[in-house]
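The numbers in numbering that gives the first Met the number 0 rise by one with no breaks, and the one at position 5 of the sequence shown is 4.
All residues carry an ideal CB built from backbone N, CA and C; glycine is no exception.
Keep in mind that this is a model prediction, so the values were computed, not measured.
All remarks here apply to the structure that follows.
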Amino acid sequence: MKKIILLFVFIFPLLASSQIKNLCKDSRSNWKPLGPVGIFKGKQNYQGIVVSVESRNGKEIYAGSNSGGLYRTNDGIEWENLTDRTGLPGMGIQDIALGNQRQDLILLATGVSTYGRDYGQGIVYSTNGGENWTVVRQFNSGIVKQGLCKRALLHPKNDRIAFVSVGGEVWNTSGLGDEQAVWHKVFSLPTDGG
0 MKKIILLFVF
10 IFPLLASSQI
20 KNLCKDSRSN
30 WKPLGPVGIF
40 KGKQNYQGIV
50 VSVESRNGKE
60 IYAGSNSGGL
70 YRTNDGIEWE
80 NLTDRTGLPG
90 MGIQDIALGN
100 QRQDLILLAT
110 GVSTYGRDYG
120 QGIVYSTNGG
130 ENWTVVRQFN
140 SGIVKQGLCK
150 RALLHPKNDR
160 IAFVSVGGEV
170 WNTSGLGDEQ
180 AVWHKVFSLP
190 TDGG
């Protein structure tokens, strides 16, 4: 039985990989190779790992990268960086949450620690579609280690209610977008190893 399981574990990925390659070569496929290509027009080179992708209506797509900030597109071809131009350059995006009631609400969990460098601002949000951003200072003031946040969620029926995962803790607020919004710790993993 162990031999069959080992055979499956090693052979299945090879078969699946060859199937995927064949699908991409199929003339009916919509997939086209896009690169690697050079970056022109004086744009900054960033590590191009997409960490989180979110779409509100199937046309407008948001993608966050490891150290290049948040991007938006309406057609999948032309992408606009929403964070570099607003004073938050090189930010590592871990998660993206889009408002259901407030269409211009974007909530980001930021913070990536790689190769001895940290890119992030903790929790940031925009109430005007990315024109301006607010950094939630509670998560970037030393209260939370390094401001590295992993997840951001908005309540589906009330996008003023937000939950974020920071380190081993979960925090929430019922006033997202208010200048005086209060965040409460609702869960914390044990730190004693048990």
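Task: Straight-line Cα distance separating VAL169 from TRP182 - done: 10 Å
Task: Three-way DSSP call (helix, strand, coil) for ARG71 in this model - done: strand
TODO: Return the CA-CA distance between GLY63 and GLY129, expressed in angstroms with no decimal places.
DONE: 13 Å
Open item on the list: Between the alpha carbons of ILE60 and LYS184, how many angstroms are there, rounded?
Closed with: 31 Å
TODO: Could you tell me how far apart the beta carbons of GLY68 and ASN80 are, in whole angstroms, since I believe they sit closer than 8 Å?
DONE: 5 Å
Open item on the list: If the criterion is Cβ atoms closer than 7 Å, does the pair ALA96 and ALA151 meet it?
Closed with: yes
TODO: Can you give me the Cβ contacts of PHE186 inside the same chain, cut-off strictly under 8 Å, excluding the 5 residues immediately before and after it?
DONE: GLU168 and VAL169
TODO: Look at GLN100 and ASP158 and say whether their C-beta atoms are less than 7 Å apart.
DONE: yes
- [ ] Could you work out which residue in SER164, LEU175 and LEU147 is closest to ASN65 when comparing CA atoms only?
- [x] LEU147
Task: Beta-carbon proximity check, THR72 vs MET90, cutoff 7 Å - done: no
Open item on the list: Between which two residues does the beta strand (DSSP E) holding VAL181 run?
Closed with: Per DSSP, VAL181 belongs to no beta strand (DSSP E) and is neither H nor E.
TODO: Pick out whichever of GLY174, SER54 and PRO88 has its Cα sitting closest to the Cα of VAL135.
DONE: GLY174
Task: Which of helix, strand or coil DSSP assigns to ARG101 - done: coil
Task: C-alpha distance - SER112 paired with LYS58, whole-angstrom precision - done: 31 Å
Open item on the list: Just to confirm my understanding: we take THR82, look at its own chain, exclude 5 residues before and 5 after, and list those with CB closer than 6 Å. What are they?
Closed with: GLY68, LEU69 and MET90
Open item on the list: Using 7 Å as the threshold, is the C-beta distance between THR126 and LEU104 below it?
Closed with: yes
Open item on the list: Once the 5 residues before and after ILE160 are set aside, which same chain residues still bring their CB inside 8 Å of it?
Closed with: LEU153, HIS154, ASN171, THR172, SER173 and LEU175
Task: Contact with chain B by GLY67, beta-carbon distance below 7 Å - done: Considering every chain present, this structure includes no chain B. It has just one protein chain.
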